[in-house]
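Heads up, the thing below is written out as structure tokens.
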Ligand code: KG4
Ligand code: ZN
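Residue numbers (the working numbering): 2 to 341.
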């Protein structure tokens with residue numbers, strides 16, 4: 002089964018064709034990062050307008066690259082939440098028009114379930130059950146995946162998402178947007194032990210996260226230095242901040258896996274391309290005898306192939322969306338769409 006999938010929930014306009022949920026035939030991504038960079042973050046209205054103008058071209062590129070005609074497509078997968086409502090609606094209305102005119106199924110996909118499914122594209126042997134750490138610009142969730150459609154949130158952030166914290170700290174350090182890759186790079190030349198930023202909730206028994214206290218702590222450190230006119234190293238702040246985030250993410254994930262007797266861990270979402278997170282999680286998993294999977298960076302950040310994978314599993318489990326499917330900005334993980 003070949004699914005053409007569309008992802009427009011934030012600032013990437015992406016179209017993919019995926020076969021049987023596991024094989025990427027094409028995965029075209031048009032990133033709007035350069036457009037939003039000068040504003041220091043994504044401007045929703047500008048994102049929507051660019052999705053409108055770019056999406057038809059990205060669809061054509063995907064078809065050309067795959068050398069498939071529209072008649073060879075068996076279903077249309079599309080992100081319907083969570084995300085920016087204007088941006089979601091561009092992908093969703095295009096997907097509906099295609100599904101209706103081609104008389105093929107429309108399959109709505111939860112963006113975060115898509116991020117989790119990115120692992121299926123890279124690891125043919127991977128099957129549920131497993132525990133996933135989902136770390137993106139909007140989410141920091143520990144999710145138990147018991148089968149292809151059953152997602153249970155075991156812990157989540159009480160305030161900022163990990164990616165959001167990376168983006169904010171990058172901005173105050175003058176490192177630019179998106180912050181994650183900038184901090185990852187600056188941290189390579191800094192000392193992660195230079196400043197003892199707090200490891201929030203690390204010793205707590207629950208699996209929730211909090212990053213706003215860490216963010217305030219970094220801001221207080223920088224303000225203190227500026228007020229006293231003392232020099233500071235941007236690279237040291239970046240490295241120390243990154244280590245504080247990573248230690249908590251790794252500590253909580255391993256503790257959660259042990260508490261729930263999960264032997265396989267997956268990483269998903271934009272922050273899972275962070276080099277220190279990958280390194281520390283690999284070490285910790287090896288130490289505990291756990292199997293760890295994480296996708297290539299291109300499958301960690303927003304892309305339509307992951308949506309195509311999840312769409313396949315929704316489809317084979319009978320979850321075909323109605324043409325009334327609407328965009329839901331705050332869609333909860335594990336929500337199943339109305340079945341046609
Ligand atoms: O999954 P994603 O592309 O979009 C959302 O669904 O939010 O994640 C984007 C987030 C941004 O906050 C970005 O700064 C972060 O992922 N990110 C990283 C890295 N690459 C991207 N964070 C830390 N280290 C990285 N190397
Ligand atoms: Zn995402």
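We put the CB at the ideal spot given by N, CA and C, even for glycine.
Values in this document were obtained by computation on a predicted structure and should not be read as measured data.
Quick one: what's residue 116 bridged to in DSSP?
Residue 116 pairs with nothing; no bridge assigned.
Ends of the alpha helix (DSSP H) at residue 299?
It spans 298 to 301 - the alpha helix (DSSP H) in which residue 299 sits, taken as one unbroken run.
Only counting runs of 3 or more residues, tell me where the beta strand (DSSP E) segments fall wholly within the region 60 to 135, in order along the chain.
If we require 3 residues or more, the beta strand (DSSP E) runs fully inside the region 60 to 135 come out as 76 to 82, 107 to 111.
Measuring CB to CB, does residue 86 end up less than 8 Å from residue 330?
Yes, these two residues count as a Cβ contact at 8 Å.
Taking the C-alpha atoms as reference points, what is the distance between residue 299 and residue 17?
In a straight line, the C-alpha of residue 299 is about 13 Å away from that of residue 17.
Please report the distance separating the alpha-carbon of residue 248 from that of residue 35.
Approximately 31 Å between the Cα atoms of the pair.
Could you give the distance in angstroms between the alpha-carbon of residue 283 and the alpha-carbon of residue 174?
About 29 Å.
Which residues in the same chain have their Cβ closer than 7 Å to the Cβ of residue 96, if we skip the five residues on either side of it in sequence?
Cβ within range, chain order: 7, 77, 79, 107.
If you measure from the CB of residue 111, is any heavy atom of the ligand ZN nearer than 7 Å?
Checking the Cβ of residue 111 against the ligand ZN gives no.
For residue 101, is the classification buried or exposed, using 16 other Cβ atoms within 10 angstroms of its Cβ as the cut-off for buried?
Classification of residue 101: exposed, given that the 10 Å Cβ count is below 16.
Near residue 271, what residues of its chain come up, given a Cβ to Cβ distance below 8 Å and the 5 sequence neighbours on each side ignored?
136, 137, 138, 164, 179, 181, 301, 302, 303.
Pick out whichever of 120, 214, 207, 337 has its Cα sitting closest to the Cα of residue 297.
Looking at the Cα atoms, 120 is the closest of the given residues.
To the nearest angstrom, report how far apart residue 231 and residue 220 are at their CA atoms.
For residue 231 and residue 220, the distance between alpha carbons rounds to 15 Å.
Do you know offhand how far residue 314's Cα is from residue 149's?
One C-alpha to the other measures close to 6 Å.
Report the rounded CA-to-CA distance for residue 246 versus residue 176, giving the unit in angstroms.
Going by the C-alpha atoms only, they are around 18 Å apart.
Between 104, 56, 317, 89, which has its C-alpha nearest residue 20's C-alpha?
Among 104, 56, 317, 89, the Cα nearest to that of residue 20 belongs to 317.
In terms of residues, what are the limits of the beta strand (DSSP E) holding residue 267?
Element bounds for residue 267: 265 to 269.
Beta carbon of residue 191: closer than 7 Å to some heavy atom of the ligand KG4?
Answer for residue 191: no, Cβ out of range of the ligand KG4.
Quick one, are the C-beta atoms of residue 3 and residue 74 less than 8 Å apart?
Taking 8 Å as the Cβ cut-off, residue 3 and residue 74 qualify as a contacting pair.
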